[in-house]
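Number of protein chains: 2
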Amino acid sequence: MSHLVYDRLMVVDRNQVLRSAAALLSRKATATMDEVARAAGIGRATLHRQFAGRDALVRALEALGLEELEQAHDRARLDEGPEDEAVRRLIAEVEPVAPLLSFLVTENQLFEGDERNEGWERIDARIVALFRRGQENGVFRIDLTPAWLSEAFYGLIGSGAWAVHDGRVAAKDFQYMIAELLLGGARRSVEK
Amino acid sequence: MSHLVYDRLMVVDRNQVLRSAAALLSRKATATMDEVARAAGIGRATLHRQFAGRDALVRALEALGLEELEQAHDRARLDEGPEDEAVRRLIAEVEPVAPLLSFLVTENQLFEGDERNEGWERIDARIVALFRRGQENGVFRIDLTPAWLSEAFYGLIGSGAWAVHDGRVAAKDFQYMIAELLLGGARRSVEK
DNA sequence: CCAGGGTGAGACATTCATGTCTCACTTGGT
DNA sequence: ACCAAGTGAGACATGAATGTCTCACCCTGG
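Residue numbers (this note's numbering), protein chains in the order written: chain A, 3 to 194; chain B, 3 to 194.
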């Protein structure tokens, strides 16, 4: 029981540190451990006590990102209703995680298969399944593979996050821009 | 006249070094100067003679990438014919530069406005103009801003390059997948 | 009031990439 | 055959980030 007290008062809130680290590293991926510590309002030593090293910190961020991504997928209820609507819901739910996500993606490129977290494949499987189901139900075209649609989905999320980040797209248009491009494409359509 | 002889035989071919560096760094962005040198088949000292430092090397790669990008835009003849066809041509021409491009993009994120090369804006202006013209001619939808379409274009190019890189998409499908998604979207359409 | 655990600050050693320099060697030109 | 230029290899210094450790301080609980 004493744990609960410690976690909230005197002791550094590990999760809070992670949030602040995510916010910082999403903007400046090369931030040093010292900068991360300062951003979290703690000392570098304390940061090291919580995370053995920079690698451990990134791993923890990966776990955090994956957890939030999974929750986003859960909330989006991908297996309910029309698949294109499910995609829209997913975009909306994923938006808050987008900056952290793009940081992790570029960071993961460097791990080069050292020990890739299985969580990514789980996430990927869920969205691949969504696109596949949409194809079977005649909602999505069948000439674009689910794997590619999944890749493009996260690519557009990242692009959208950056576009918003440096003011090329208004934050309020984030979901619409991504959803419309992904679902409808750029070409002018007769329907709708 | 003696320069031509030097450039081809004894002296290191600077452009050749750049190519090999581009190929290596596109796969492993954190490669050392030593690794870059080895990959080019030269000594580290010689690499430093050609490029004052890692920063200079990246700048040179940026110049190379921008030059090839501009040439790709030229060859795509963006101001001729229907705009959607122009986009297809552009995708085809940009494909070879895609890996280097995605390296430069992630690398540029770190420069944080120190001295961003103006070339990017020139390139961007060209493709923005293409999308804008397509909108005026009724080929592209007007509810997606040209700035976003441009961002999405390069985002998808990058995603496609990575998808091909780790075998999620066949290389021969690169152009088709990107063009179809960007132009037509994922939703099944009545036409076509 | 006292004891203990957690913290911030700073000193310190270590590691690694970078950048500089020297030197012997090879190659091409004269 | 000689000379000059460019090169590779290696030694060396530098700087930066990392990781470890100590120590004084503060807060909380007893």
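Cβ atoms here follow ideal geometry from the backbone N, Cα and C, with glycine treated the same way.
Query                                                                                                                                                                                                           : Result
Beta-carbon of B/V14 versus every beta-carbon of chain A: anything under 8 Å?                                                                                                                                   : no
Out of B/V60, B/L92, B/D57, which one is the CA nearest neighbour of B/Q73?                                                                                                                                     : B/L92
Please tell me whether B/M36 has its Cβ less than 8 Å away from any Cβ of chain A.                                                                                                                              : A small correction: the amino acid at residue 36 of chain B is Asp; Met does not occupy that position in the sequence shown. It does not; no Cβ of chain A falls within 8 Å.
Give me the Cα-Cα distance between A/W164 and B/W164, rounded to the nearest whole angstrom.                                                                                                                    : 18 Å
Is DSSP giving A/M3 helix, strand or coil here?                                                                                                                                                                 : With a pLDDT of 36 at A/M3, under the threshold of 50, the predicted position of this residue should be treated as unreliable, and no value is reported.
With a threshold of 6 Å on Cβ separation, who are the neighbours of B/G136 within its own chain once the five nearest residues in sequence on each side are excluded?                                           : E85, F142
Between B/T32 and B/L103, what straight-line distance do the alpha-carbon atoms span, to the nearest angstrom?                                                                                                  : 16 Å
Pull up the DSSP beta-bridge partners for A/R189, would you.                                                                                                                                                    : B/F142
Note down the Cα distance separating A/A23 from A/Y156, rounded to an integer number of angstroms.                                                                                                              : 22 Å
Could you tell me which uninterrupted alpha helix (DSSP H) segments, each at least 4 residues in length, are contained entirely in the segment 27 to 112 of chain B, listed from first to last along the chain? : 35 to 42, 46 to 52, 56 to 78, 85 to 96
Who are the Cβ neighbours of B/H5 in its own chain at under 7 Å, not counting the five residues just before and after it?                                                                                       : Low confidence applies here, because B/H5 scores a pLDDT of 36, under 50, leaving its location unreliable and the question unanswered by this model.
Report all residues from its chain with a CB closer than 6 Å to the CB of B/I44; omit the five preceding and five following residues, and keep chain order.                                                     : V14
Have a look at A/R170 and B/D126 and give me their C-alpha separation to the nearest angstrom.                                                                                                                  : 12 Å
Taking CB distances under 8 Å as the criterion, tell me whether B/D57 reaches chain A.                                                                                                                          : no
Buried or exposed: where does A/A154 fall if 16 or more other Cβ atoms within 10 Å of its Cβ makes it buried?                                                                                                   : buried
Give the C-beta separation of A/M179 and A/G162 to the nearest angstrom, bearing in mind that I take them to be a contact with Cβ-Cβ under 8 Å.                                                                 : 6 Å
Since A/V19 and A/A42 should fall inside the 8 Å C-beta cutoff, what is the C-beta to C-beta distance between them, to a whole number of angstroms?                                                             : 4 Å
Does DSSP classify B/A172 as helix, strand or coil?                                                                                                                                                             : coil
With A/L184 and B/G187 assumed to form a contact (beta carbons below 8 Å), what rounded beta-carbon distance in angstroms separates them?                                                                       : 6 Å
In angstroms with no decimal places, state the Cα-to-Cα distance between B/Q111 and A/V107.                                                                                                                     : 14 Å
Which same chain residues, not among the five before or five after B/A2, have their C-beta less than 7 Å away from its C-beta?                                                                                  : Outside the modelled stretch of chain B, which goes from 3 to 194, sits residue 2 of chain B, for which no answer is possible.
Nearest-angstrom Cα distance between A/R118 and B/D81?                                                                                                                                                          : 44 Å
Taking all protein chains shown into account, decide if B/P148 is buried (16 or more other Cβ within 10 angstroms of its Cβ) or exposed.                                                                        : buried
In this structure, how does DSSP classify A/V14 when only helix, strand and coil are distinguished?                                                                                                             : coil
Which of the three DSSP states is assigned to A/R134 in this structure?                                                                                                                                         : helix
Assuming B/E153 is part of the alpha helix (DSSP H), what are its boundary residues?                                                                                                                            : 148 to 167
Any beta carbon of chain B sitting closer than 8 Å to that of A/F2?                                                                                                                                             : Because chain A in this structure spans residues 3 to 194, residue 2 of chain A falls outside the shown range and cannot be described.
Quick check on B/D86 - is its C-beta less than 8 Å from some C-beta in chain A?                                                                                                                                 : yes
Can you look up A/R128 in the DSSP assignment and give me helix, strand or coil?                                                                                                                                : helix
Alpha carbon to alpha carbon, how far is B/L151 from B/R134? Give it in angstroms, no decimals.                                                                                                                 : 10 Å
Do you know how far the Cα of A/A181 is from the Cα of B/V166?                                                                                                                                                  : 24 Å
Can you give me the Cβ contacts of A/A62 inside the same chain, cut-off strictly under 8 Å, excluding the 5 residues immediately before and after it?                                                           : L20, F53
Just to make sure I have the definition right: I need the residues of chain B whose C-beta is within less than 7 Å of the C-beta of A/V190. Which are they?                                                     : Contrary to the premise, residue 190 of chain A reads as Arg rather than Val in this sequence. By Cβ distance, chain B contributes G140, V141, F142, R143.
Can you list the residues of chain A that B/L183 reaches, using a CB-CB cut of under 8 Å?                                                                                                                       : L146, W150, L151, A154, L184, G187
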